[in-house]
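J.:
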Amino acid sequence: MADFDAIILGAGPGGYVCAIRAAQLGLNVAVVEGRETLGGTCLNVGCIPSKALLNATHQLHEAHENFAKMGLMGPAPTVDWGQMQAYKQDVVNGNTKGIEFLFKKNKITWLKGWGTLPAPGQVKVGDDIHTAKHIVIATGSEPATLPGVTIDEKTVVTSTGALTLPSIPKSMVVIGAGVIGLEMGSVYARLGTKVTVVEYLDAITPGMDGEVAKTFQRILTKQGLTFVLGAAVQKVEGGTVTYKLRKDDSLASLTADVVLLATGRKPYTAGLGLDLLGVEMGPRGTIKTDDHFRTNIAGLYAIGDAIAGPMLAHKAEDEGMAAAEVMAGRSGHVNYGVIPGVIYTTPEVANVGATEEQLKDQGRAYKVGKFPFMGNARAKAVFQADGFVKILADAATDRILGAHIIGPSAGDLIHEVCVAMEFGASAQDLALTCHAHPTYSEAVREAALACGDGAIHA
Ligand code: FAD
Ligand code: NAI
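Positions in the sequence shown are counted from 1; adding 255 to them yields the numbering used here.
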């Protein structure tokens with residue numbers, strides 16, 4: 256008989272959620288994790304520490320820019336970087352300990368160490384071989400590097416190094432205007448670092464609704480970030496980044512105290528023994544699975560950043576839950592059409608579903624309902640009226656196809672649209688729903704109204 260019903264490799268949001276759900280469904284579960292703490296990239300060196308630094312520096316920005324406007328006088332705070340780092344670490348520790356508590360509560364065994372897969376149904380940790388009916392690979396991802404760039408995590412850093420710099424640099428070049436580049440770039444710009452973002456494409460945040468991306472770039476520029484777009488980085492030597500401008504092939508360079516490489520992440524599966532096992536792989540180092548997270552090896556599943564799809568904690572969590580349901584003989588399912596994306600800058604940026612560009616490409620007839628936060632009383636009160644909500648609905652049926660928000664609490668607002676989309680709602684359904692006043696969410700309702708007879712406050 257197998258030692259466990261299920262062994263999960265990796266205790267990130269994919270792995271730990273899978274373990275908890277599987278235990279709740281009556282399976283005897285173990286999780287293999289090589290880090291000292293649970294929670295994976297997200298809790299240790301990703302979502303959580305970055306949001307702690309974004310919160311601290313947002314408060315600093317408020318104190319400097321907006322307190323006096325509200326009659327809050329007195330010297331603006333100065334930064335104790337050591338204390339800010341300690342606060343960040345406290346937030347991380349509280350969360351990773353929380354997962355340990357949940358493991359105990361759900362009687363999940365933590366097999367400490369790095370696991371390999373010597374044979375189907377087996378997981379090796381150190382010298383021990385454990386057996387299980389179901390094995391789930393939830394080993395996550397690692398930063399992707401560029402050819403010719405050596406990371407030392409001191410001068411040339413990934414997000415991991417950027418979260419724990421020994422001091423606040425005077426200048427920073429960020430390579431890549433994606434989510435990490437803009438979140439960490441914002442953190443340091445608010446701390447007084449001169450931040451220049453070098454991006455290969457001609458717009459920031461590739462894949463985002465074009466109108467939102469333009470507004471976002473304008474706002475970030477006002478906040479002090481500088482953008483060099485259409486620039487392919489050729490090499491990084493020490494703090495010097497050499498890039499080629501795509502429009503005319505000319506070479507230019509920038510030198511800074513710190514260079515942050517934020518050009519994407521890649522699945523972390525090296526050393527697991529997947530090739531010896533004959534596990535079928537997909538594009539860009541992903542593990543190939545079917546709709547139920549099964550690999551081509553019987554009893555072996557994969558979820559999260561290690562498989563295809565957006566590299567997001569909540570996507571990994573949903574897959575973890577669904578895979579657990581499948582292992583327990585139920586029908587787990589993830590609706591990839593309704594996975595929100597959020598950038599936690601100020602303002603926040605959030606999206607779900609199709610962009611206008613995608614609908615145009617599909618040749619789909621759609622209508623746009625837009626509402627500026629300038630017409631929202633609450634947003635004006637917190638000096639964040641510079642943004643909008645945009646809802647895209649089918650021209651004929653009014654069914655909501657996508658939503659794009661740049662503004663205060665966009666990352667929370669997006670979820671009412673997600674729920675609406677899960678229920679196949681029309682824009683009118685949102686428009687007819689009473690929204691409390693004064694809330695930011697009224698802007699979502701107004702955008703829905705704008706899909707019909709018109710917004711009231713615009
Ligand atoms: P991971 O979280 O990467 O966890 C995998 C775990 O497996 C790790 O702990 C690793 O140590 C362990 N492991 C690997 N191999 C083995 C092995 N052989 N044996 C034992 N253990 C192993 N996403 C969001 O949705 N929102 C955000 O705000 C956000 N912010 C981010 C900020 C940064 C700076 C970064 C880098 C990422 C951020 N992400 C965010 C992305 C998010 O962290 C990932 O999508 C998410 O962590 C993926 O979860 P996962 O469970 O697939 O893998
Ligand atoms: P990304 O894919 O979001 O952005 C990478 C950027 O680098 C792209 O704009 C790309 O065009 C650019 N680039 C690539 N090669 C380049 C080159 N040679 N020169 C200049 N620019 C180049 O990747 P990022 O920001 O590293 O994030 C990795 C993952 O982490 C993402 O998939 C994201 O989903 C996740 N993440 C999510 C967060 C959130 O949900 N708030 C926060 C941080 C990370």
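Ideal Cβ positions, reconstructed from N, Cα and C, are used throughout, including at glycine.
Taking residue 684 as the reference, give the member of 691, 700, 670 with the closest Cα.
T.: 700
J.: Quick one: is residue 680 buried, meaning 16 or more other Cβ sit within 10 Å of its Cβ, or exposed?
T.: Flag for residue 680 reads buried.
J.: Please indicate yes or no: does the CB of residue 455 lie closer than 6 Å to some heavy atom of the ligand NAI?
T.: yes
J.: Got a sec? Which residues, its chain only, sit under 6 Å from residue 304 by beta carbon, not counting five neighbours each side?
T.: 343, 347, 418
J.: For the putative contact between residue 576 and residue 273, defined by C-beta atoms under 8 Å, what is the C-beta separation to the nearest angstrom?
T.: 7 Å
J.: Taking only the alpha-carbon atoms, compute the straight-line gap between residue 631 and residue 301 and give it to the nearest angstrom.
T.: Answer to the nearest angstrom: the Cα atoms are 32 Å apart.
J.: I want to see whether chain D comes within less than 7 Å of residue 532, judged by CB atoms only; does it?
T.: Although the question refers to chain D, the structure presented lacks it and comprises just one protein chain.
J.: At which residues does the beta strand (DSSP E) containing residue 605 begin and terminate?
T.: 603-608
J.: Is residue 569 near the ligand FAD, judged by its Cβ being under 6 Å from some heavy atom?
T.: yes
J.: So does residue 563 have its beta carbon nearer than 6 Å to some heavy atom of the ligand NAI?
T.: Every heavy atom of the ligand NAI is 6 Å or more from the Cβ of residue 563, so no.
J.: Rounded to whole angstroms, what is the Cα-Cα separation between residue 585 and residue 381?
T.: 33 Å
J.: For residue 456, I'd like the list of residues in its chain whose CB is within less than 6 Å of its CB, leaving aside the five on either flank, ordered along the chain.
T.: Its chain contains no residue whose beta carbon lies nearer than 6 Å to that of residue 456 once the 5 sequence neighbours on both sides are disregarded.
J.: Determine the contact status of residue 361 and residue 275, defining contact as a CB-CB distance below 7 Å.
T.: Contact flag set, yes.
J.: Per DSSP, what kind of secondary structure is residue 397 in: helix, strand or coil?
T.: Strand.
J.: I believe residue 643 touches residue 663 by the beta-carbon criterion, under 8 Å. Please report the beta-carbon distance rounded to the nearest angstrom.
T.: Contact between residue 643 and residue 663 does not hold, since the beta-carbon distance rounds to 12 Å and is not under 8 Å.
J.: Name the residue from 479, 387, 539, 538 whose alpha carbon lies nearest to the alpha carbon of residue 374.
T.: 387
J.: My output table needs one value for residue 290: the three-state DSSP class, helix, strand or coil.
T.: coil
J.: Here's the rule I'm using: 16 or more other beta-carbon atoms within 10 Å means buried, otherwise exposed. How should residue 606 be labelled?
T.: buried
J.: Considering only the beta carbon of each residue, do residue 719 and residue 533 sit closer than 7 Å?
T.: In the structure as shown, the chain begins at 256 and stops at 713. Residue 719 is therefore absent and cannot be evaluated.
J.: Just to confirm the assignment, what range does the beta strand (DSSP E) spanning residue 520 have?
T.: First-last of the beta strand (DSSP E) with residue 520: 520-522.
J.: Less than 6 Å separating the Cβ of residue 461 from some heavy atom of the ligand NAI?
T.: Answer for residue 461: yes, Cβ within range of the ligand NAI.
J.: Need the endpoints of the beta strand (DSSP E) that residue 557 sits in, please.
T.: 555-557
J.: Per DSSP, which residues does residue 365 bridge with? Please list them.
T.: 286
J.: Here's the rule: buried if 16 or more other CB atoms are within 10 angstroms of the residue's CB, otherwise exposed. What is residue 591?
T.: That one is exposed.
J.: Specify, as a first and last residue, the run of the alpha helix (DSSP H) that residue 360 falls within.
T.: Note, residue 360: alpha helix (DSSP H), 336-360.
J.: Please confirm whether any heavy atom of the ligand MN lies closer than 6 Å to the CB of residue 662.
T.: Only the ligand FAD and the ligand NAI can be found as ligands here, which leaves the ligand MN out of the picture.
J.: Quick check on residue 627: does DSSP put it in helix, strand or coil?
T.: In this structure, residue 627 counts as strand in the three-state DSSP scheme.
J.: Taking all protein chains shown into account, decide if residue 602 is buried (16 or more other Cβ within 10 angstroms of its Cβ) or exposed.
T.: buried
J.: Mind reading off the beta-carbon distance from residue 557 to residue 395? Whole number of angstroms is fine, and I expect it under 8 Å.
T.: About 11 Å separates the two Cβ atoms, so there is no contact after all.
J.: Among residues of its own chain, excluding the 5 on either side of residue 458, which ones have a beta-carbon nearer than 6 Å to its beta-carbon?
T.: 468
J.: Look up residue 492 in the DSSP assignment and say whether it is helix, strand or coil.
T.: strand
J.: Find the nearest neighbour of residue 487 within the set 281, 430, 530, judged by alpha-carbon distance.
T.: Selected option, being the one with the closest Cα: 430.
J.: I want to check one thing, is the minimum distance from the CB of residue 534 to the heavy atoms of the ligand FAD below 6 Å?
T.: It does not: the Cβ of residue 534 is nowhere closer than 6 Å to a heavy atom of the ligand FAD.
J.: I'd like the list of long-range same chain contacts for residue 570, defined as Cβ closer than 7 Å, with 5 residues on each side in sequence excluded.
T.: Taking C-beta separations shorter than 7 Å and ignoring five residues to either side along the sequence, the partners of residue 570 in its chain run 564, 594, following chain order.
J.: If we call anything under 7 Å between Cβ atoms a contact, is residue 600 one with residue 442?
T.: Taking the C-beta atoms as reference points, residue 442 is found no nearer than 7 Å to residue 600.
J.: Under the assumption that residue 647 contacts residue 674 (Cβ atoms under 8 Å), give the Cβ distance between them as a whole number of angstroms.
T.: The pair is not a contact, with the Cβ atoms about 17 Å apart (cut-off 8 Å).
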